[in-house]
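Per the working numbering, the very first residue in the sequence shown carries number -8; after that it's consecutive.
Accompanying notes for the structure given below.
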Amino acid sequence: MLLWTQTSRHCKKPPSALSFLLYTLLFTTAFSNSVLAIHSPAAFISKKSPVNIMAAKTNNNTNDSSALRELKDTIKTQAAEIDRLKNELTKNGITVKKKVVVPSGGHAHGAGAADNEDILDYKEKSSFAIAYERVPWLAVFLFSLSFTALIMNGFEHTLSKQIELAYFVPLMAGHGGNTGGQAVGTVLSALSAGIITRQDAWKVIGKEATSGLIMGVILGAMVGPISHYVMGISKHVATVVSVTFPLLSTIAAFLGSSLPFVCVILGLDPAVIAAPAMTSFVDVTGLLCYFLIANQVFKAFGLEL
C-alpha cells in the first residue's frame, strides 16, 4: 500500500489494476516471510539438535577431565613437598614418628592408641638396628636367668639324694615357656585387634590363669602316671611332677597374660619385652616351686633329705 501511495503521488495517472495486483502480491509475500521467520521453531530446533547436544557434552567432559587432571597434579605436588620436608627433617636429625590408633572396642578411654613406629618401620630397619634395640632387654633377662643357677645350687643336696628330679628340669622349663607363650600371643593379638583394652586386664588375667590351672591339672594327671609306669620313675618323683604341673601352668599363664598389659601401661613395646620376660620369670619361679614341692612331697613319703 505504501508503494502504491508513493506511486500515485509521482504519477499523473492512477495505477492500473494489474499494477495494483502486483504491488499487493509483493507486499503479501514479504509480510509472510517475515512472520515465518519470527515464529519458526527452526532456531530453537537448531539449538537443541543432536549435534549441538553432543558438542555441549563434549565440552563438559573436556572441562571435567581438565579439572581432574589439575587435581591429580596438585596431589602429586603436595606429596612431593611432603617427601621433601621429611627428607630435610631426617637430615637435620629430627625423627618423624608415626602413630597408629588401635580400635578400643567401643570404649572411649584412649587406651587403644599405641605408638607402633617400630612395627611400621620394620622393613626399613637394618639387622644392626634391630639387634641394637633388642640386646639390652635380652641382657637383662639373661641376668635374671642366672637365678636358676642359684636355685640349683641351693637345692644341690636334694638333687644329690634324688637324682631323678634332674630329669624333669628341662621338661618343667619347656612347659612353662609354652604355656606362657600361648597366653602372651593370645593377649597381644587381642590388644592389637582392639578386642580388649587395659580396662579388661583383670578379667583377661583371671581367665588365662584359670585356663592354665585346668591345663596343668590335665597334663599333670597324664605325665605323672606315664613317668612312673612307663619310664620307671619312682612314685614320689612322679608325684612331684604331677603336683608341680598345675602350679607351674597357672604361674605361666598369669605372667603371660599380665606382662603385655604392664608393658602397655608403662609405654613399652610388648612385642619385644613380654615374651622373653615371661620366659625368664617362669623359669625362675617354676624351678623354685618344683624343688619346694619336692621337699614337701619327700617329707610326706617319709624320705630323708
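Yeah, the Cβ is synthetic: ideal placement off N, Cα and C, and Gly gets one too.
query = If you compare alpha carbons, which of Thr177, Ala157, Met222, Gly215 is closest to Lys198?
reply = Thr177
8 Å contact criterion, which Phe282 and Ile142 should meet: CB distance rounded = 7 Å
inquiry  = Measuring only from the beta carbon, is Leu250 closer than 7 Å to any heavy atom that is part of the ligand FMN?
reply    = The ligand FMN is not among the ligands present in this structure, which contains no ligands whatsoever.
ask   = If you check the beta carbons only, do Ser225 and Gly211 fall under 8 Å apart?
value = no
message = Measuring CB atoms only, is the segment 129 to 149 touching the segment 214 to 222, in the sense that at least three cross pairs come out at less than 8 Å?
response = no
query = Considering Phe245, what are the terminal residues of the alpha helix (DSSP H) in which it resides?
reply = 226 to 257
message = Beta-carbon within less than 7 Å of Ala268's beta-carbon, same chain only, minus the 5 sequence neighbours each way: which residues are those?
response = Phe132, Leu250
task = Taking 8 Å as the cut-off, decide whether the C-beta atoms of Val221 and Glu155 are in contact.
result = no
ask   = Straight-line CA distance for Phe252 to Ala192?
value = 7 Å
query = Going along the chain, which residues of its own chain have a beta-carbon closer than 6 Å to the beta-carbon of Ala164, five neighbours each way excluded?
reply = Asp274
key: Span of the alpha helix (DSSP H), counted from its first residue to its last, around Ala157   = No alpha helix (DSSP H) holds Ala157; DSSP gives it neither H nor E.
task = Inspect the beta-carbon positions of Gly171 and Ala243 and report whether they are closer than 8 Å.
result = yes
query = Taking DSSP as the reference, what is the three-state secondary structure of Thr188?
reply = coil
task = Apply the 10 Å Cβ neighbour rule to Leu179 and answer buried if 16 or more other Cβ atoms are within range, or exposed otherwise.
result = buried
key: Where Thr241 falls, given that 16 or more other Cβ within 10 Å makes a residue buried   = buried
task = Quick one: measure Cβ to Cβ for Phe236 and Gly207, integer angstroms, because I've assumed they're closer than 8 Å.
result = 5 Å
ask   = With DSSP run on the structure shown, which of helix, strand or coil describes Gly223?
value = coil
ask   = If you drop the 5 nearest sequence neighbours on each side, which residues of the same chain put their C-beta closer than 7 Å to that of Ser31?
value = Residue placement at Ser31 cannot be trusted, given a pLDDT of 49 that sits under 50; what the coordinates show is reported in the next sentence. Nothing listed; no residue qualifies.
key: Candidates Ala58, Phe119, Leu150, of which the one nearest Phe289 by Cα   = Leu150
query = Are the beta-carbon atoms belonging to Val175 and Ala266 less than 8 Å from one another?
reply = yes
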